[in-house]
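Step one of this worksheet: look at the structure below.
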Amino acid sequence: MTTARANRFTPYLFLAPAALILAVALMYPIGYMVYASFLDWNPSQTIGEAEWVGLRNYVNLWSDAAFLESLGVTLSFTAVVVVIEMILGVGLALLLDRELRGMAVLRTLFILPMMIAPIVVGLMWRYMYHPTVGIFNRTLKSLGFEPIPWLSDGSWAFASVVIADVWQWTPFIFILSLAALQSMPRSALEAARIDGATGWQITLFIKLPLMMPVLIVTALLRLIDSFKVLEVILVLTNGGPGLSTEIMSLRISRTASEFRELGVAAAMSNYLLILLMLITMAMFTYTKIQERRTAAQRAASEEA
Amino acid sequence: MKTVTSTLAMLALSATAALANPYAPYEGTTLVINVPSHPHYNAMMKILPEFTKQTGIEVEVDQLQYLKMRERQTLELTKSKGDYDLISYVVFSKADYVFADQLENLARYFMNPALADPAYDAEDLIDGYVQNIGVAGGFKGYLPGKTGSLFGIPYGSETSVLAYRKDIFEKHGIDVPQTYDDLLDVTCQIPQLEDGMGGMASRAASGHQASHAFLLHLAPLGGRVFDDAWEPIINNEAGVAAANALKTIVDCGPEGGTTFGPAEAAASFMQGNAAMFMDSIAFASGFEDPSRSRVAGKVGYAMHPEGVRRGSQTGGFGIGIPKNAQNKEAAFLLLQWLTSKEGDLLVAMAGGNPSRFSTYQNAALNEKYPYSATFGEALKYADPDWRPIIPTWGKINADIGTTMSKVLTEGLDPQEALDGVAARAKAIMEDAGYYVWQ
Chain A
6 MTTARANRFT PYLFLAPAAL ILAVALMYPI GYMVYASFLD WNPSQTIGEA
56 EWVGLRNYVN LWSDAAFLES LGVTLSFTAV VVVIEMILGV GLALLLDREL
106 RGMAVLRTLF ILPMMIAPIV VGLMWRYMYH PTVGIFNRTL KSLGFEPIPW
156 LSDGSWAFAS VVIADVWQWT PFIFILSLAA LQSMPRSALE AARIDGATGW
206 QITLFIKLPL MMPVLIVTAL LRLIDSFKVL EVILVLTNGG PGLSTEIMSL
256 RISRTASEFR ELGVAAAMSN YLLILLMLIT MAMFTYTKIQ ERRTAAQRAA
306 SEEA
Chain D
3 MKTVTSTLAM LALSATAALA NPYAPYEGTT LVINVPSHPH YNAMMKILPE
53 FTKQTGIEVE VDQLQYLKMR ERQTLELTKS KGDYDLISYV VFSKADYVFA
103 DQLENLARYF MNPALADPAY DAEDLIDGYV QNIGVAGGFK GYLPGKTGSL
153 FGIPYGSETS VLAYRKDIFE KHGIDVPQTY DDLLDVTCQI PQLEDGMGGM
203 ASRAASGHQA SHAFLLHLAP LGGRVFDDAW EPIINNEAGV AAANALKTIV
253 DCGPEGGTTF GPAEAAASFM QGNAAMFMDS IAFASGFEDP SRSRVAGKVG
303 YAMHPEGVRR GSQTGGFGIG IPKNAQNKEA AFLLLQWLTS KEGDLLVAMA
353 GGNPSRFSTY QNAALNEKYP YSATFGEALK YADPDWRPII PTWGKINADI
403 GTTMSKVLTE GLDPQEALDG VAARAKAIME DAGYYVWQ
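Respectively, the protein sequence lines represent chains A and D. First residue of the first sequence: 6, per our numbering; consecutive thereafter. First residue of the second sequence: 3, per our numbering; consecutive thereafter.
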């Protein structure tokens with residue numbers, strides 16, 4: 006009997022360390038943050054001294070114009086960045102999915118931007134965008150054009166941070182798309198070619214649908230990441246001019262350190278977390294539905 | 003025999019001398035101090051070895067960028083046992099630290115005969131600075147007054163002066179601006195007279211920097227953020243005039259000025275891209291350093307121009323002892339030494355900002371840094387109330403800064419912008435309980 010019971014408990018025993026680490030390393034901080042979001046907590050106080058204010062932080066945020074503007078900036082930044090990066094990254098992968106000499110070198114070169122520390126990326130772009138000595142404005146001037154106010158005008162500043170982010174993160178999508186392309190079943194491609202499909206048709210009807218699961222996960226990863234981008238924008242514009250580039254993570258960081266409202270900062274983080282969870286769940290539901298539909302189609306065609 | 007007696011006598015003498023040395027009980031102590039990366043504190047680093055030599059107290063320094071330093075201190079001060087024995091705090095941290103009861107009241111140290119140096123001469127410390135940085139609990143809570151007490155001593159404090167290019171002004175026969183009208187005229191004349199040169203390099207980046215730049219003009223033009231009953235009056239005529247002044251200065255300033263922080267603005271002036279620079283005196287020693295500055299020797303200094311009144315900024319840093327420090331007495335000795343007549347002159351000669359009137363009068367200092375006399379004069383008009391130092395200031399400051407940035411870059415109307423700031427400030431103050439007595 007004891008052996009039977011011991012056997013029954015063995016799996017839990019083995020799971021225990023992992024569960025413990027999960028509880029300590031993941032659930033505790035998240036729980037702490039959720040708890041903090043219900044407090045009026047100034048960083049000069051310990052958490053015990055902070056006053057409980059219930060949902061006030063969450064409610065107040067919806068009438069805070071600066072928060073709403075920052076939310077708008079975050080959503081448009083994410084949308085623009087992910088769409089451009091997906092198009093460029095997948096396009097590059099489709100173009101470079103062939104036997105080229107020196108491909109290994111090229112690939113390394115392509116993913117270089119991803120390997121640079123974000124602070125350095127920010128500094129580098131900041132110097133390139135510099136109004137007088139930056140490479141962009143110097144080139145424009147020598148070609149006889151008007152210099153562009155890269156970081157000093159609201160809309161240009163937004164475009165500038167988008168450009169920097171696209172430069173840094175397109176390679177991520179490129180490398181994953183390329184991997185997806187290269188692990189694709191050659192038989193499908195050959196069959197299409199024998200049936201007389203053109204290059205465009207192969208890309209549109211064979212390659213892209215087969216890459217889709219990978220692309221969805223890739224887009225999701227980029228989406229989550231771009232919601233949380235901080236360093237590059239911090240260095241480039243620090244959120245300005247005005248609030249034109251103040252993405253949510255920057256607002257959270259300023260709320261905590263400049264405004265000294267840890268509770269509000271925690272509430273904002275939780276909104277961000279909820280938003281990301283919703284997007285992730287939507288994505289997974291979509292893939293589930295998609296998979297089920299393909300499975301149903303396959304079953305139908307097999308029956309026929 | 004005679005020699006033996008005299009040797010003994012000498013030994014006895016030196017023994018009493020050692021006993022009389024107030025530093026002796028703390029010899030061998032290591033103090034850990036937290037200071038900003040700032041020209042003044044770079045100068046302090048040069049004189050610390052002298053302190054160790056005189057007292058036998060070792061000092062370990064943790065130097066951080068000043069906003070990072072503030073974040074670090076915020077965490078550090080909530081611990082029950084802190085790592086820092088002496089901290090340098092930004093002036094607007096005074097409200098937070100004192101309110102949270104994290105700084106030692108200095109009275110009990112100045113009362114302690116074993117610690118307080120009778121030759122310290124506190125009367126010689128610059129008034130405006132002590133009021134602004136050291137004292138809390140008086141008028142409006144953050145200013146001195148009968149209920150106030152001392153929590154820190156100014157160290158590395160600053161006021162604003164106008165730095166201008168003597169050569170450019172002479173070349174075009176321009177007079178040094180004395181009033182705000184002159185200043186705004188001259189700042190827009192320069193770009194027409196000198197190709198590619200801006201009038202004045204100013205901070206203007208969104209957030210703290212734009213707010214600082216705006217407040218710099220608000221006080222001389224007669225404005226305040228709040229009246230004495232904490233009603234926001236930032237949107238009155240003076241406020242709008244200050245916003246317009248800032249906009250004129252940035253519009254006629256060097257290219258890309260709307261993204262400048264203080265370092266960028268100073269760099270622009272040092273590179274010869276602007277004819278004027280009106281900011282903290284702390285930058286002056288950098289301008290005169292030929293290895294970094296192209297304008298060394300060509301810079302003149304004048305007082306912050308007068309609007310409806312004189313009112314240059316008071317800012318910079320003070321030093322205080324955290325409540326949770328481990329070596330408070332030794333820390334006080336360091337604080338006292340650094341701000342003593344001797345220490346103040348030493349740090350000034352090394353390129354720091356004096357905290358004492360007598361240091362500004364010192365002949366040797368005036369010979370080494372000819373602008374010292376002007377700075378000493380400017381200090382008489384330093385305005386301790388040019389910005390409120392209250393716990394809600396961080397949020398209001400950030401709001402002024404982003405709104406001002408919109409005025410500068412998106413053409414938002416100054417009156418409308420400031421009306422918005424005033425309404426939001428009122429709400430923030432109300433939340434913090436400022437109007438319950440009305």
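In this text, a Cβ means the ideal position worked out from N, Cα and C, and glycines have one as well. In this text the structure is predicted, and so the values were computed from the model without any measurement.
Identify every residue that forms a DSSP beta bridge with residue 56 of chain A.
-> Stepping through the first sequence from its first residue, residue 56 of chain A is reached at position 51. Paired residue(s): A/45.
When the distance is taken between beta carbons, is residue 186 of chain D closer than 7 Å to residue 250 of chain D?
-> Indexing the second sequence from 1 puts residue 250 of chain D at position 248. Indexing the second sequence from 1 puts residue 186 of chain D at position 184. Yes, Cβ-Cβ distance for residue 250 of chain D and residue 186 of chain D is below 7 Å.
Assigned secondary structure, residue 116 of chain D (DSSP; H/G/I helix, E/B strand, else coil) | Position 114 of the second sequence, counted from the start, is the residue given in the question as residue 116 of chain D. If DSSP states are grouped into helix, strand and coil, residue 116 of chain D belongs with coil.
At a cut-off of 6 Å, is residue 189 of chain D close to the ligand COA when judged by its beta-carbon and the heavy atoms of the ligand?
-> This structure does not include the ligand COA; it has no bound ligands of any sort.
Would you say residue 16 of chain A reaches chain D, if we count a Cβ-Cβ gap shorter than 7 Å as a contact?
-> For the purposes of this step, residue 16 of chain A is identified with residue 11 of the first sequence, where counting begins at 1. Answer no: the Cβ-Cβ gap between residue 16 of chain A and chain D never drops below 7 Å.
Given that residue 264 of chain A touches chain D, what residues does it touch there, using C-beta distances under 8 Å?
-> On the first sequence, position 259 is the one that residue 264 of chain A refers to. Scanning chain D for C-beta atoms nearer than 8 Å to the C-beta of residue 264 of chain A yields 396, 397, 400, reported in chain order.
When burial is assigned at 16 or more other CB atoms within 10 Å of the CB, is residue 150 of chain A buried or exposed?
-> Here residue 150 of chain A corresponds to residue number 145 of the first sequence, with the count starting at 1. Result: exposed.
Runs of alpha helix (DSSP H) wholly within the region 112 to 165 of chain A (minimum 4 residues, chain order) = 123 to 133, 140 to 147
Assuming residue 220 of chain A contacts residue 182 of chain A under a Cβ cut-off of 8 Å, what Cβ separation, rounded to an integer in Å, is found between them?
-> For this step, residue 220 of chain A is matched to residue 215 along the first sequence. For this step, residue 182 of chain A is matched to residue 177 along the first sequence. Here residue 220 of chain A really is in contact with residue 182 of chain A; their C-beta atoms are around 7 Å apart, less than 8 Å.
Simplified DSSP assignment, three categories, for residue 208 of chain A = One-based indexing of the first sequence puts residue 208 of chain A at position 203. Residue state, collapsed to three classes: helix.
Inter-residue Cα distance where the pair is residue 210 of chain A and residue 225 of chain A = Looking up residue 210 of chain A in the first sequence gives position 205. Looking up residue 225 of chain A in the first sequence gives position 220. If I take the Cα positions, the gap works out to 22 Å.
If you draw a straight line from the C-alpha of residue 371 of chain D to the C-alpha of residue 160 of chain D, how long is it?
-> Taking the second sequence and counting its residues from 1, the one referred to as residue 371 of chain D is at position 369. Taking the second sequence and counting its residues from 1, the one referred to as residue 160 of chain D is at position 158. Cα to Cα, the separation comes out at about 16 Å.
Does DSSP put residue 348 of chain D in a helix, a strand or coil?
-> To locate residue 348 of chain D, count along the second sequence from 1; it is residue 346. Reduced to three states, the DSSP call for residue 348 of chain D is helix.
Apart from the five residues just before and just after residue 89 of chain A, which ones in its own chain have a Cβ nearer than 6 Å to its Cβ?
-> For the purposes of this step, residue 89 of chain A is taken as residue 84 along the first sequence, with counting starting at 1. 171, listed in sequence order.
Collapsed DSSP secondary structure at residue 231 of chain D in the structure displayed = The sequence position of residue 231 of chain D within the second sequence is 229, counting from 1. Shown here, residue 231 of chain D sits in coil according to DSSP, grouped into three states, outside any helix or strand.
The beta strand (DSSP E) with residue 32 of chain D in it runs from where to where?
-> Your numbering for residue 32 of chain D matches position 30 in the second sequence. Per DSSP, residue 32 of chain D belongs to the beta strand (DSSP E) from 32 to 38.
Using a threshold of 7 Å, state whether the C-beta atoms of residue 1 of chain D and residue 428 of chain D are closer than that.
-> The first residue shown for chain D is 3 and the last is 440, placing residue 1 of chain D beyond what the model contains.
Measure the CB-CB distance between residue 260 of chain A and residue 270 of chain A and report whether it falls below 7 Å.
-> Sequence index remark: in the first sequence, residue 260 of chain A carries index 255 (1-based). Sequence index remark: in the first sequence, residue 270 of chain A carries index 265 (1-based). Against a cut-off of 7 Å, the Cβ pair of residue 270 of chain A and residue 260 of chain A comes out as a contact.
Pick out whichever of D/432, D/56, D/147 has its Cα sitting closest to the Cα of residue 133 of chain D.
-> Start at 1 with the first residue of the second sequence, and residue 133 of chain D comes out as number 131. Taking only the C-alpha atoms, the option nearest residue 133 of chain D is D/147.
Since residue 281 of chain D sits in a beta bridge, which residues does DSSP pair it with?
-> Here the question's residue 281 of chain D lines up with position 279 in the second sequence. Answer is D/163.
Own chain partners of residue 236 of chain A with C-beta closer than 7 Å, once the 5 adjacent residues on each side are dropped = Within the first sequence, numbered from 1, the residue matching residue 236 of chain A stands at position 231. Here the set comprises 123, 124, 127.
Measure the alpha-carbon distance for residue 326 of chain A versus residue 274 of chain A and round it to whole angstroms.
-> The question about residue 326 of chain A has no answer, for chain A in this structure spans 6 to 309.
Would you kindly work out how many angstroms separate the C-alpha atoms of residue 286 of chain A and residue 243 of chain D, rounded to a whole number?
-> For this step, residue 286 of chain A is matched to residue 281 along the first sequence. For this step, residue 243 of chain D is matched to residue 241 along the second sequence. Taking the straight line from one Cα to the other gives about 53 Å.
Could you tell me if residue 76 of chain D is buried or exposed, where buried requires 16 or more neighbouring beta carbons within 10 angstroms of its beta carbon?
-> To locate residue 76 of chain D, count along the second sequence from 1; it is residue 74. Answer is buried; the Cβ neighbour count reaches 16.
Does the beta carbon of residue 73 of chain D come closer than 7 Å to any beta carbon on chain A?
-> Locating residue 73 of chain D in the second sequence gives position 71, where the first residue counts as 1. Judged by the 7 Å Cβ criterion, residue 73 of chain D is in contact with chain A.
Counting only the same chain and skipping the five closest in sequence on each side, list residues whose C-beta sits under 8 Å from that of residue 49 of chain A.
-> Within the first sequence, numbered from 1, the residue matching residue 49 of chain A stands at position 44. Excluding sequence neighbours, residue 49 of chain A sits near 265.
Sub-7 Å separation of residue 35 of chain D and residue 88 of chain D beta-carbons | On the second sequence, residue 35 of chain D is found 33 positions in, with the first residue counted as 1. On the second sequence, residue 88 of chain D is found 86 positions in, with the first residue counted as 1. In contact: residue 35 of chain D and residue 88 of chain D (Cβ atoms closer than 7 Å).
Could you tell me which residues DSSP puts in a beta bridge with residue 453 of chain D?
-> What the structure shows of chain D is the stretch from 3 to 440, and residue 453 of chain D is not part of that stretch, so it cannot be assessed.
Near residue 354 of chain D, what residues of its chain come up, given a Cβ to Cβ distance below 6 Å and the 5 sequence neighbours on each side ignored?
-> In the second sequence, the residue the question calls residue 354 of chain D occupies position 352. Counting only Cβ-Cβ distances below 6 Å, and skipping sequence neighbours, we find 42, 45.
What is the rounded straight-line gap between the Cα of residue 238 of chain D and the Cα of residue 225 of chain D?
-> As a first step, residue 238 of chain D is located in the second sequence; it is residue number 236 there, counting from the start. As a first step, residue 225 of chain D is located in the second sequence; it is residue number 223 there, counting from the start. Computed Cα separation, rounded: 8 Å.
What's the gap between the Cα of residue 17 of chain D and the Cα of residue 23 of chain D?
-> Here residue 17 of chain D corresponds to residue number 15 of the second sequence, with the count starting at 1. Here residue 23 of chain D corresponds to residue number 21 of the second sequence, with the count starting at 1. With a pLDDT of 45 at residue 17 of chain D, under the threshold of 50, the modelled position of that residue is not reliable, and the figure given next carries that caveat. Approximately 10 Å, taken between the alpha carbons.
Taking Cβ-Cβ distances shorter than 7 Å, what residues in chain A pair up with residue 104 of chain D?
-> Counted from its first residue, the second sequence places residue 104 of chain D at position 102. Those are 49, listed as they occur along chain A.
Could you name the residues of chain E that residue 244 of chain A contacts, counting a contact when the two beta carbons are closer than 8 Å?
-> Included in the structure are the protein chains A and D, with no chain E among them.
Inspect the beta-carbon positions of residue 92 of chain D and residue 72 of chain D and report whether they are closer than 7 Å.
-> On the second sequence, position 90 is the one that residue 92 of chain D refers to. On the second sequence, position 70 is the one that residue 72 of chain D refers to. Result yes, Cβ atoms of residue 92 of chain D and residue 72 of chain D sit closer than 7 Å.
Closer than 8 Å, Cβ to Cβ, to anything on chain A: give me those residues from the region 166 to 194 of chain D, in chain order.
-> none
Which two residues bound the contiguous beta strand (DSSP E) that contains residue 89 of chain D?
-> The sequence position of residue 89 of chain D within the second sequence is 87, counting from 1. Residues 88 to 92.
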